[in-house]
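Working notes, structure below.
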Amino acid sequence: MRKRLKDIYIKLYSAFGPQGWWPGETPFEVMVGAILTQNTNWQNVSRAINNLKKEKLLSASKLNSLRLKKLASLIRPAGYYNIKAKRLKNFLDFFFKHYKGNIRSLSKKETTELRRELLGVNGIGEETADSILLYALNRPVFVVDTYTKRILSRHKLVKEEAPYRVLQNLFADNLIANVKMFNEYHALLVKLGKDFCRKLKPRCAQCPLKG
DNA sequence: GACCAGGCACATC
DNA sequence: GATGTGCATGGT
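In this text, residue positions in the first sequence follow the numbering used here: the first is 2, and each later residue adds one.
Next up, the structure:
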C-alpha cells in the first residue's frame, strides 16, 4: 500500500505538476473558502470571495460585524448562500470567542485539539476542518473529499462505503506526514477527479493512473 | 434540460 | 447505525 500510494502521487505529479493550492491570499481567506466550497465548484466560490473583497469585507472583524442578510447576499454565487452565511457566522463566533479573531492565536493550538474544536462548530465537518488545518494552518493533515473516495474506491484501494476516517488513515499510515506533499496530493486528486474520474463519464482510457 | 460541483446537518425509521 | 432530504448557484 505504501508503494501504491506513493506511485499514484508520482504519476499524478508527473502528469499535472504542482497545483498551487489553496487559491487564497491569506489564512483567513482560505478558511472562508473552505466553508464556501462545500459541495460547490471553485469558480462560484471565487465569485463570492471577490464580492467580499470588492467591498473590503474579507477580514474576520469585518465579516463578524456584517449582518447575516448582507453576508448571504454577497456570497450568493457560491450557492446554498443562506446556510453558508450561517456557517460562516458560526465559525466567526467560535473564532472570536476562543481566539479573539486572531490567526496567530489560533495557530498556537495543537492540531488534534483544534480539529476537535472545529468539528464542534455547526457547519464544519471533517473535510472542512481538515482543509482549514492543512491549507490555512499548514498542519500535516490529509484532506479527503468525494474525488478521493471515488478514485480510491474505483482503484479498489478502499470499499466504496468506507468512512472518512478510513481513507484519511490510509494516507496518514502509509505516507510520511509532510505538509507540502499532503497539500499537493489532495489537490492532484481533485485535478484527476475533475478531468478523468467524473461520476458519470469517467475518461479512464486517458487517465494518467492507467496501467 | 439534465447533470454536476473541492459537504453538512437533521429528520426519520 | 443507516438512509433520505434540503440547501442553490452557475457551467457543461
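In this text, a Cβ means the ideal position worked out from N, Cα and C, and glycines have one as well.
(message) Please state whether the Cβ-Cβ distance between L153 and V144 is less than 7 Å.
(response) By 1-based counting over the first sequence, the position of residue 153 is 152. By 1-based counting over the first sequence, the position of residue 144 is 143. One thing to note: L153 has its Cβ no nearer than 7 Å to the Cβ of V144.
(request) Can you have a look at I9 and say buried or exposed, based on whether 16 or more other CB atoms are within 10 angstroms of its CB? (result) Within the first sequence, residue 9 is the residue found at index 8, counting from 1. I9 comes out buried.
(request) Take V191 and list the residues in its own chain whose beta-carbon comes closer than 6 Å to its own, dropping the five residues that flank it on each side. (result) Here residue 191 is taken as the residue at index 190 of the first sequence, counted from 1. Within the same chain, V191 has close Cβ partners Y148.
(request) Over the uninterrupted alpha helix (DSSP H) stretch that includes Y10, give me the two end residues. (result) As a working mapping, residue 10 is identified with position 9 in the first sequence. Here the alpha helix (DSSP H) through Y10 covers 3 to 17.
(message) I'd like the ranges of any alpha helix (DSSP H) spanning at least 4 consecutive residues and lying wholly in the segment 50 to 119.
(response) Entirely contained in the segment 50 to 119, the alpha helix (DSSP H) runs reaching 4 residues are, in chain order, 61 to 65, 69 to 75, 82 to 100, 104 to 108.
(request) Please classify N175: does DSSP put it in a helix, a strand, or coil? (result) Locating residue 175 in the first sequence gives position 174, counting from the first residue. Note: N175 maps to helix in three-state DSSP.
(request) Would you kindly check if the distance between the Cβ of L75 and the Cβ of N52 is under 7 Å? (result) The count along the first sequence starts at 1 and reaches residue 52 at position 51. The count along the first sequence starts at 1 and reaches residue 75 at position 74. Against a cut-off of 7 Å, the Cβ pair of L75 and N52 comes out as a contact.
(request) Give the single residue among P28, G18, A163, P78 whose Cα lies nearest to the Cα of W43. (result) Here residue 43 is taken as the residue at index 42 of the first sequence, counted from 1. Of P28, G18, A163, P78, the residue nearest in Cα terms is P78.
(message) Taking 8 Å as the limit between beta carbons, can you name the residues of its chain near D131, skipping five residues before and five after?
(response) Against the first sequence, residue 131 aligns to sequence position 130. For D131, where only same-chain residues beyond five positions count, the Cβ hits under 8 Å are R116, V142, F143, V144, V145, Q169.
(message) Can you look up D146 in the DSSP assignment and give me helix, strand or coil?
(response) In the first sequence, the residue the question calls residue 146 occupies position 145. Three-state result, D146: coil.
(request) Would you mind working out which of A188, R105, A61 sits nearest F92, comparing C-alpha positions? (result) As a working note, residue 92 is residue 91 in the first sequence. Ranking A188, R105, A61 by Cα distance to F92 puts A61 first.
(message) Within a Cβ cutoff of 7 Å, which residues of the same chain sit near N34, ignoring the five residues on either side of it in sequence?
(response) Counting from one through the first sequence, the residue named residue 34 turns up at place 33. Asn is not the amino acid found at residue 34; the sequence shown has Gly there. If we look at G34 and ignore the five residues flanking it on each side, its Cβ neighbours are W23, G25, V46, I50.
(request) Whole angstroms is fine: what's the gap from K98's alpha carbon to T113's? (result) Translated into positions along the first sequence, residue 98 becomes position 97. Translated into positions along the first sequence, residue 113 becomes position 112. Spanning the two alpha carbons is a distance of roughly 19 Å.
(message) I need the DSSP call for I152, collapsed to helix, strand or coil.
(response) On the first sequence, residue 152 is found 151 positions in, with the first residue counted as 1. Assigned with DSSP and collapsed to three states, I152 falls in helix.
(request) Could you check if R204 is buried or exposed, using at least 16 other CB atoms within 10 Å of its CB as the buried criterion? (result) Against the first sequence, residue 204 aligns to sequence position 203. Taking a 10 Å sphere around the C-beta of R204, we find fewer than 16 other C-beta atoms and assign the residue as exposed.
(request) State yes or no: is the C-beta of R151 within less than 7 Å of the C-beta of C198? (result) The residue labelled residue 151 in the question sits at position 150 within the first sequence. The residue labelled residue 198 in the question sits at position 197 within the first sequence. The beta carbons of R151 and C198 sit closer together than 7 Å.
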